[in-house]
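Chemist: Below are the structure tokens for one structure; questions will follow.
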Amino acid sequence: MMKRLFAMAAFLAVSMNGFAASQDDPWSVTGEFLYFKPSFDDTYFVNSTDDEIDLVAHGTRYNNDFSFKPGFRVAVGYDFCNCSCPGQLSASYSYLSASEHKSVSGDALCPNLGIPRFMESLNEYTGTAESRLKLRYQRADLVFVQPLCNCNCLKLSFKGGLEYANLKLEERAVYNGSVGEIVTLMSYKSLSNVDAIGPELGLVFDYPLIEGSCECPGTLSLRGETTGSLLAADQKGYVMNTLTLDTDPQFGVKYNNQDSWRVIPALHARLGLNYAFALECFEGSAEIGYEFTSYIRGLCRANYSDDVAACKSFNQYDNFDLQGLYVSATLNF
């Protein structure tokens, strides 16, 4: 699917040569450094009981949240017009990869992940619990930006096009310890992989704060945009759970989810300070700001909740969110 999107973007970019350029430098190339914090609803993997007061257990639920991770975005745009209706066509690609590891040790641990029938063998065990998360986020956009108004210095534009997103989350957990004299090891692994594509609509605004002069050319402005998408999503995944006791051989289960389709709403917003400049040799801009992204119920993980009917399961849907700093540089040519 990614190859088709890039082929479409390349075809449209080449075909734009047939339109009249809106300025001397119709092409633009943008590179962005992203420093984002990924998150989803539930990263809790183990409970630790510290003490018991009046038959009430007191302790802590431990999670393995992601920290801020680096990523990048690249974009190419072409400004064209029919002299009365200027606009810009642009294609962009965003990428972020992240991993996180956390380990907890204690004398009364209880797993949060796994099939309940297996988890019973590790009720309040002494040992360690480890969680490993691995995430990959990809996004491609093909959009057209159409100016709507330019009044009282405020520039407002419409943004519409197509968004593609790939959300891939791999979750692993290992519980190693003993209950009494029985040594127990349980491992858990799940995968959620979602490919989604659909229409994207939004608004872009630009408000100049400081106009440049001959001594200091350029314009400092406040820029922001907000878009929403409805994505048709193809989701895949699996769950694997194994248990090893020192008195028994290893046994376990692995269930693959049959592919299914659903609709995922996505929201994007960003706000930053932009400095546009024009030198003798070239024009460009630099921008720094903060960005938010949310794929509502974007991730799907299987949950097994019954210790009697071991195969009884249901889908657990989690929002997938990104937030953080971006630093952008654009060159016009």
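All residue numbers for the sequence shown refer to the working numbering, where the first residue is -13 and numbers rise by one. Virtual Cβ for every residue (Gly too), placed ideally from N, Cα, C.
#1: Do you know offhand how far N23's Cα is from F300's?
#2: Which parts of the segment 245 to 316 are runs of the beta strand (DSSP E), unbroken and 3 residues or longer, counting only runs that do not cross its ends?
#3: Should Y161 and A94 be called a contact, given that it needs their Cβ atoms to be closer than 8 Å?
#4: Under DSSP, the alpha helix (DSSP H) around F104 begins and ends at which residues?
#5: Taking 8 Å as the threshold, find out whether the segment 165 to 184 comes into contact with the segment 95 to 113 through three or more Cβ pairs.
#6: Based on the DSSP output, what are the partners of S80 in its beta bridges?
#7: P203 lies in the beta strand (DSSP E); which residues open and close that run?
#8: Can you list, in chain order, the residues of its chain whose CB lies under 7 Å from that of N98, leaving out five sequence neighbours each side?
#9: Between the alpha carbons of T212 and S83, how many angstroms are there, rounded?
#10: Would you be able to state if there are at least three C-beta pairs under 8 Å between the segment 149 to 160 and the segment 190 to 198?
#11: List the endpoints of the continuous beta strand (DSSP E) containing S14.
#12: Excluding the five sequence neighbours on either side, which residues of its own chain have a C-beta within less than 6 Å of the C-beta of R122, listed in chain order?
#13: Quick one: is E106 buried, meaning 16 or more other Cβ sit within 10 Å of its Cβ, or exposed?
#14: Would you check if the segment 227 to 246 and the segment 183 to 192 touch, i.e. whether three or more CB-CB distances between them fall below 8 Å?
#15: Considering only the beta carbon of each residue, do A77 and L20 sit closer than 8 Å?
#16: Can you tell me the Cα-Cα spacing of K222 and V42, whole angstroms?
#17: Look at the Cβ atom of F268, then the Cβ atom of N318, and state whether they are nearer than 8 Å.
#18: On the DSSP letters alone, give me the boundaries of the beta strand (DSSP E) that D181 sits inside.
#19: Could you tell me whether the Cβ atoms of L285 and Y312 are closer together than 8 Å?
#20: CB-CB under 7 Å to L259, same chain, minus the five flanking residues each way: which ones, in chain order?
#21: To the nearest angstrom, how far is the alpha carbon of S173 from that of R158?
#22: Among A315, K298, Q309, which one has its Cα closest to the Cα of R103?
#23: Among all the DSSP beta bridges, which residues are the ones paired with E116?
#24: Closest to A219 by C-alpha separation, out of K141, D245, Y64, G238, would be which residue?
#25: To which residues of the same chain is F54 closer than 7 Å at the C-beta, ignoring the five residues directly before and after it?
#26: Under 8 Å between the Cβ atoms of Y281 and F306?
Modeler: Reading it off the structure:
#1: On the sequence shown, residue 23 is found 37 positions in, with the first residue counted as 1. On the sequence shown, residue 300 is found 314 positions in, with the first residue counted as 1. Here the sequence assigns Lys to residue 23, which means Asn is not the residue at that position. Answer to the nearest angstrom: the Cα atoms are 28 Å apart.
#2: 269 to 290
#3: In the sequence shown, residue 161 corresponds to position 175, counting from 1. In the sequence shown, residue 94 corresponds to position 108, counting from 1. No, the Cβ-Cβ distance between Y161 and A94 is not below 8 Å.
#4: The sequence position of residue 104 within the sequence shown is 118, counting from 1. 102 to 105 is the span of the alpha helix (DSSP H), which, as asked, contains F104.
#5: yes
#6: For this step, residue 80 is matched to residue 94 along the sequence shown. The partner list for S80 (beta bridge, DSSP) reads R59, R125.
#7: On the sequence shown, position 217 is the one that residue 203 refers to. Counting along the chain, P203 falls outside any beta strand (DSSP E), and DSSP gives it neither H nor E.
#8: Translated into the one-based positions of the sequence shown, residue 98 becomes position 112. Closer than 7 Å at the Cβ level, and outside the excluded window around N98, lie Y30, F31, V32, N33.
#9: Walking along the sequence shown from the start, residue 212 turns up at place 226. Walking along the sequence shown from the start, residue 83 turns up at place 97. If I take the Cα positions, the gap works out to 24 Å.
#10: Result no; under three Cβ-Cβ pairs closer than 8 Å.
#11: Position 28 of the sequence shown holds residue 14. Residues 13 to 26.
#12: As a working mapping, residue 122 is identified with position 136 in the sequence shown. The answer, listed in chain order, is S83, K154.
#13: The residue you call residue 106 lines up with position 120 of the sequence shown. Exposed is the call here.
#14: no
#15: Residue 77 sits at position 91 when you count from the first residue of the sequence shown. Residue 20 sits at position 34 when you count from the first residue of the sequence shown. Contact flag unset, no.
#16: Counting from one through the sequence shown, the residue named residue 222 turns up at place 236. Counting from one through the sequence shown, the residue named residue 42 turns up at place 56. Roughly 41 Å between the two C-alpha positions.
#17: Stepping through the sequence shown from its first residue, residue 268 is reached at position 282. Stepping through the sequence shown from its first residue, residue 318 is reached at position 332. Taking 8 Å as the Cβ cut-off, F268 and N318 qualify as a contacting pair.
#18: Position 195 of the sequence shown, counted from the start, is the residue given in the question as residue 181. From DSSP, the beta strand (DSSP E) with D181 extends over 168 to 196.
#19: The sequence position of residue 285 within the sequence shown is 299, counting from 1. The sequence position of residue 312 within the sequence shown is 326, counting from 1. No, they are not a contact pair.
#20: Along the sequence shown, read from residue 1 onward, the residue named residue 259 stands at position 273. Hits under 7 Å: L206, L208, E273, I274, G275.
#21: If you number the sequence shown from 1, residue 173 lands on position 187. If you number the sequence shown from 1, residue 158 lands on position 172. Cα to Cα, S173 sits roughly 8 Å from R158.
#22: Translated into the one-based positions of the sequence shown, residue 103 becomes position 117. The candidate whose alpha carbon is nearest that of R103 is K298.
#23: One-based indexing of the sequence shown puts residue 116 at position 130. DSSP, once it has assigned bridges, lists S89, V160 as partnering E116.
#24: Numbered from 1 along the sequence shown, position 233 holds the residue referred to as residue 219. The candidate whose alpha carbon is nearest that of A219 is D245.
#25: In the sequence shown, counting from the first residue as 1, residue 54 sits at position 68. Within the same chain, F54 has close Cβ partners Y21, F22, K23, G310.
#26: Translated into positions along the sequence shown, residue 281 becomes position 295. Translated into positions along the sequence shown, residue 306 becomes position 320. Yes. Within cutoff.
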